[in-house]
Amino acid sequence: MDSEAPGAALTNAVVQSTVRDCWEDALLFDDFDDDDNFFDIGGHSLLIADILAGVGARLGLRIPLMDFFDHPTVNGLSRHLQASISVGQRNV
């Protein structure tokens, strides 16, 4: 596995599960749909740093703050991160 690019084993399911877990940790609840907008379900800007830090640490990525605002759903952010991982970007 040493010859593989970082993130090569990160499947769509792993990325999405990681993003969702970090949202649940930050929001302190799990009763939301993966297409719900973060801000519509009670999320706020102070929680974004926690989510991005958690996702980044678990997946080995640096995620710009604007990516969250551009992709404010679990599915949207997951797809964006997976696309970035697929092309070998570690700094999304």
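To convert, note that position 89 of the sequence shown is 88 in numbering that gives the first Met the number 0; the numbers rise steadily by one, no gaps. Glycine included, each C-beta is placed from N, C-alpha and C at the ideal position.
Distance, Cα to Cα, residue i vs residue j?
i	j	result
Ser85	Val14	12 Å
Leu46	Ala8	28 Å
Asn11	Gln81	6 Å
Asp34	Gly87	26 Å
Arg19	Ile50	9 Å
Phe38	Ser83	24 Å
Ser116	Gly42	Coverage of the chain is limited to positions 0 through 91, which leaves residue 116 absent and any answer about it impossible.
His79	Pro71	11 Å
Asn36	Val73	8 Å
Trp22	Met65	16 Å
Ser16	Val54	10 Å
Phe67	Ile40	15 Å
Gly75	Pro63	15 Å
Just to confirm the assignment, what range does the alpha helix (DSSP H) spanning residue i have?
i	result
Arg57	44-58
Asn36	First-last for Asn36: undefined, no H or E at that position.
Asp20	11-26
Ile84	73-85
Asp69	64-69
query: Is the number of C-beta pairs between the region 55-66 and the region 25-41 that are closer than 8 Å three or more?
result: no
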